[in-house]
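*Asks:* Let me begin by handing over the structure; questions about it come next.
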């Protein structure tokens, strides 16, 4: 069926769904993941040549794989593009304590994010727009359909009055800063993340450990919220071993890869 009138974020997500349908219903290969990455940022990624990503910003080719064998901690500190796609994010209105160091999306290529959204706070600020969020006006990047996607999330959530208390006041969107306890930048720095009402937040640094030494996982947000965010290209920090349950960030490539892999958080 032909789709008419699709623009912005909706057009991106529809295109991603089409590309995802062409991938195998198992773990996609790296080349399939890269194809989905390119489709997620139309106009920003021109092509993939061998081990390099060619972006349309006029900058130098970006290596996909730096050739280094890394521990999980080293990936978090200095991920290349291949590292950032190495774990497959699961979708759906289910959650369970993540396995140790399973945190798809928390491993990020900061170099790629800077190329996509801007390398400085000033550069990112030039593309910030205001999104109405349940009585608040939040600053979010318009690049790559992020602001439109958040508007679509708000529209879907507005149909569920019982969820409103979890959503606001928001703990923030754009904020050029490093991740707590790390040198790498938060996705908030690029205006592509939102934190929900902190009254219901759980965070790995606060959690303590269970008797076996693993982090003590907890989540108090209804999973219907998670499913709606994922529908529009956002991933949830509650799916990470080092969890951050109030945190959502716009990562349409990871959602598309999840769909291609049939990665179901409910295990069906």
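Residue numbers (the working numbering): 26 to 293.
The C-beta atom is built at its ideal place from N, Cα and C for all residues, glycine as well.
These numbers come from a predicted model, not from an experiment.
(1) What are the boundary residues of the alpha helix (DSSP H) that residue 61 is part of?
(2) Apart from the five residues on each side of it in sequence, which residues of its chain come closer than 6 Å, Cβ to Cβ, to residue 62?
(3) Along the chain, where does the beta strand (DSSP E) containing residue 259 start, and where does it finish?
(4) What is the DSSP secondary structure of residue 273, reduced to helix, strand or coil?
(5) Residue 282: which of 115, 247, 81 and 76 sits nearest, CA to CA?
(6) Compute the distance between the beta-carbons of residue 149 and residue 216, then report whether it is under 7 Å.
(7) In the structure shown, what three-state DSSP assignment does residue 181 receive?
(8) Using alpha carbons as the reference points, say which of 55, 237, 251 and 238 lies closest to residue 111.
(9) Is it buried or exposed, residue 145, if we count other Cβ atoms within 10 angstroms and call 16 or more buried?
(10) Tell me which same chain residues have a C-beta within less than 6 Å of the C-beta of residue 218, skipping the five on either side of it?
(11) Is it true that the CB of residue 269 sits closer than 7 Å to the CB of residue 258?
(12) Go through the segment 217–253 residue by residue and report every complete run of the alpha helix (DSSP H) that reaches 4 residues or more, in order.
(13) I'd like the span of the beta strand (DSSP E) that includes residue 164, first residue to last.
(14) Can you give me the C-alpha to C-alpha distance between residue 88 and residue 188, rounded to a whole angstrom?
(15) Who are the Cβ neighbours of residue 90 in its own chain at under 7 Å, not counting the five residues just before and after it?
(16) Can you tell me which of 147, 171 and 161 puts its alpha carbon nearest to the alpha carbon of residue 201?
(17) How many angstroms separate the CA atom of residue 209 from the CA atom of residue 133?
(18) For residue 71, which of helix, strand or coil comes out of DSSP?
(19) In the DSSP assignment, find the alpha helix (DSSP H) that holds residue 108 and state where it starts and stops.
(20) I'd like the list of long-range same chain contacts for residue 252, defined as Cβ closer than 6 Å, with 5 residues on each side in sequence excluded.
(21) Excluding the five sequence neighbours on either side, which residues of its own chain have a C-beta within less than 6 Å of the C-beta of residue 254, listed in chain order?
(22) Go ahead and pull the three-state DSSP assignment for residue 338.
(23) Could you have a look at residue 192 and say whether DSSP puts it in helix, strand or coil?
(24) Check this for me: beta carbons of residue 127 and residue 266, under 7 Å apart or not?
*Replies:* On the basis of the supplied data:
(1) Residue numbering aside, residue 61 sits at position 36 when the chain shown is read from its first letter. Residues 55–65.
(2) Translated into positions along the chain shown, residue 62 becomes position 37. Same-chain partners within the cutoff: 278.
(3) Indexing the chain shown from 1 puts residue 259 at position 234. Taken as a continuous stretch (DSSP letters only), the beta strand (DSSP E) holding residue 259 covers 259–261.
(4) Here residue 273 refers to the residue found at position 248 when the chain shown is read from its first residue. Of the three classes helix, strand and coil, the one that applies to residue 273 here is strand, per DSSP.
(5) Within the chain shown, numbered from 1, the residue matching residue 282 stands at position 257. With distances taken between Cα atoms, residue 282 lies closest to 115.
(6) Locating residue 149 in the chain shown gives position 124, where the first residue counts as 1. Locating residue 216 in the chain shown gives position 191, where the first residue counts as 1. Yes, the Cβ-Cβ distance between residue 149 and residue 216 is below 7 Å.
(7) Within the chain shown, the letter at position 156 stands for residue 181. In the structure shown, residue 181 sits in a helix (DSSP, three-state: H, G or I).
(8) As a position in the chain shown, residue 111 is number 86, starting the count at 1. The residue with the shortest Cα to Cα distance from residue 111 is 55.
(9) The count along the chain shown starts at 1 and reaches residue 145 at position 120. So residue 145 ends up on the exposed side.
(10) Your numbering for residue 218 matches position 193 in the chain shown. The residues are 212 and 274.
(11) For the purposes of this step, residue 258 is taken as residue 233 along the chain shown, with counting starting at 1. For the purposes of this step, residue 269 is taken as residue 244 along the chain shown, with counting starting at 1. It is not a contact, given that the beta carbons lie outside the stated cut-off.
(12) 229–232
(13) On the chain shown, residue 164 is found 139 positions in, with the first residue counted as 1. Taken as a continuous stretch (DSSP letters only), the beta strand (DSSP E) holding residue 164 covers 161–166.
(14) On the chain shown, position 63 is the one that residue 88 refers to. On the chain shown, position 163 is the one that residue 188 refers to. Using only the alpha carbons, I get a separation of about 42 Å.
(15) Reading the chain shown from its first residue, position 65 is the one you call residue 90. Taken in chain order, the residues that qualify are 76, 105 and 107.
(16) Here residue 201 refers to the residue found at position 176 when the chain shown is read from its first residue. Per the Cα distances, 147.
(17) In the chain shown, counting from the first residue as 1, residue 209 sits at position 184. In the chain shown, counting from the first residue as 1, residue 133 sits at position 108. Approximately 9 Å between the Cα atoms of the pair.
(18) Numbered from its first residue, the chain shown carries residue 71 at position 46. Residue 71: strand per DSSP, three-state reduction.
(19) As a first step, residue 108 must be located in the chain shown, where it is residue number 83. Element bounds for residue 108: 106–109.
(20) The residue given as residue 252 occupies position 227 in the chain shown. The residues are 118.
(21) Numbered from 1 along the chain shown, position 229 holds the residue referred to as residue 254. 178 and 273, listed in sequence order.
(22) Residue 338 falls outside the range modelled here, since the chain spans only 26 to 293, and no answer is possible.
(23) Mapped onto the chain shown, residue 192 falls at position 167. Residue 192: helix per DSSP, three-state reduction.
(24) To locate residue 127, count along the chain shown from 1; it is residue 102. To locate residue 266, count along the chain shown from 1; it is residue 241. In this structure, residue 266 lies closer than 7 Å to residue 127 by Cβ.
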